[in-house]
Amino acid sequence: MLIFLPTAFAGTVGDLVSEMTELASANTSAPAVMADWRALAALRDLADTPAALLEYSRVRLAFEATRDGGLWGLRWAVTDRDPTERFVWESLLAWQGAEVTAVAECDELSAMFASLARAMGVREVGLFWPTKNHTVAVWTTPGRTGTVRVVVPTSQIFLAGGETLGTDGFDPSTQRTIYRYGTKGLPLEAELSPALYQRLSAPLAESARPAVELQRFRAARAARAGGS
């Protein structure tokens, strides 16, 4: 069972987004984040600029929070619900202290990631269907010779266990258009209880770890919870 220290602070989802945006900016100088960025930029031939690094840090943080088995304790499972983040937030707001905070399908996880990233200031992020029955997200960013689509796999479905942000397990060029995803389903004014705010905020400090460590911890959490 998770145990949290008492705290009097409760905020809104918007407050949490603001905290994440500030943390992502701070993470741009973290050695592990900078090393992961340079590796991805070299692998995908991205434009290695301060603006691109900042967007990467925002994408990375939103991804590690909302992915299956990620920092927020979300778990993938087939739900057959509408492809929106609304139901995930409804589950989160009703959280009662379990290790798994909410259960969501791949399209719900991807929608949640995309709306959160947009709220953090990432302009070109949307959804991608590598197969007719699976959804991930895509971040579009400047490359050295044009724009580049970076896959954001919010679950491990159809992917090997070690695949993470920037995976080449799916080819995003197979989808003609990656439509920009908005924040309509993000309940920015919703109040989070002190316990829930701490549950979502406290693990974010782990986001400055190397991606390989985050993936290892994610895999362990997913294995315990029965996710992907």
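Quick note on our numbering: the sequence shown kicks off at 70 and runs consecutively. Backbone N, C-alpha and C fix where the C-beta goes; we use that ideal spot for every residue, glycine too.
Buried or exposed: residue i, going by 16 or more other Cβ atoms within 10 Å of its Cβ?
{"i": "N96", "result": "buried"}
{"i": "V281", "result": "exposed"}
{"i": "D151", "result": "exposed"}
{"i": "Q165", "result": "exposed"}
{"i": "L74", "result": "The predicted position of L74 is uncertain, since its pLDDT is 41 and thus under 50; a value taken from the coordinates is nonetheless stated next. Exposed, since its Cβ has fewer than 16 Cβ neighbours within 10 Å."}
{"i": "P241", "result": "buried"}
{"i": "A292", "result": "exposed"}
{"i": "P100", "result": "exposed"}
{"i": "D176", "result": "buried"}
{"i": "P199", "result": "buried"}
My output table needs one value for residue i: the three-state DSSP class, helix, strand or coil.
{"i": "T252", "result": "coil"}
{"i": "W106", "result": "helix"}
{"i": "M89", "result": "helix"}
{"i": "V169", "result": "coil"}
{"i": "G212", "result": "strand"}
{"i": "V205", "result": "strand"}
{"i": "T243", "result": "helix"}
{"i": "V220", "result": "strand"}
{"i": "L115", "result": "strand"}
{"i": "E260", "result": "strand"}
{"i": "F73", "result": "Caution applies to F73, whose pLDDT of 41 falls short of 50 and renders its modelled position unreliable; the model cannot decide the point."}
In the DSSP assignment, find the unbroken alpha helix (DSSP H) run with residue i in it and report its ends.
{"i": "P263", "result": "P263 to S270"}
{"i": "R129", "result": "P119 to T135"}
{"i": "S297", "result": "Neither: S297 is in no alpha helix (DSSP H) and is coded neither H nor E."}
{"i": "M181", "result": "C175 to A188"}
{"i": "L161", "result": "R155 to L162"}
Do residue j and residue i have their beta-carbon atoms positioned less than 8 angstroms apart in this structure?
{"i": "T148", "j": "E174", "result": "yes"}
{"i": "T209", "j": "R218", "result": "yes"}
{"i": "M189", "j": "A131", "result": "yes"}
{"i": "A163", "j": "Y250", "result": "no"}
{"i": "L185", "j": "L143", "result": "no"}
{"i": "L255", "j": "L85", "result": "no"}
{"i": "G231", "j": "Q267", "result": "no"}
{"i": "A206", "j": "F182", "result": "yes"}
{"i": "P211", "j": "A121", "result": "yes"}
{"i": "L273", "j": "M89", "result": "yes"}
{"i": "T233", "j": "R187", "result": "no"}
Starting from residue i, trace the beta strand (DSSP E) both ways and give me its first and last residue.
{"i": "T200", "result": "V194 to T200"}
{"i": "L143", "result": "L143 to W145"}
Less than 8 angstroms between the CB atoms is what I'm expecting for residue i and residue j, so what's the real figure, rounded?
{"i": "R290", "j": "G138", "result": "4 angstroms"}
{"i": "G235", "j": "R127", "result": "That pair is no contact at about 15 angstroms."}
{"i": "G296", "j": "Y248", "result": "Actually they do not touch by this definition, with Cβ atoms about 27 angstroms apart."}
{"i": "V82", "j": "L261", "result": "7 angstroms"}
{"i": "R129", "j": "S276", "result": "7 angstroms"}
{"i": "R136", "j": "T223", "result": "5 angstroms"}
{"i": "L161", "j": "A171", "result": "5 angstroms"}
{"i": "A79", "j": "P263", "result": "4 angstroms"}
{"i": "F197", "j": "Q244", "result": "5 angstroms"}
{"i": "W158", "j": "A259", "result": "7 angstroms"}
{"i": "V191", "j": "E124", "result": "5 angstroms"}
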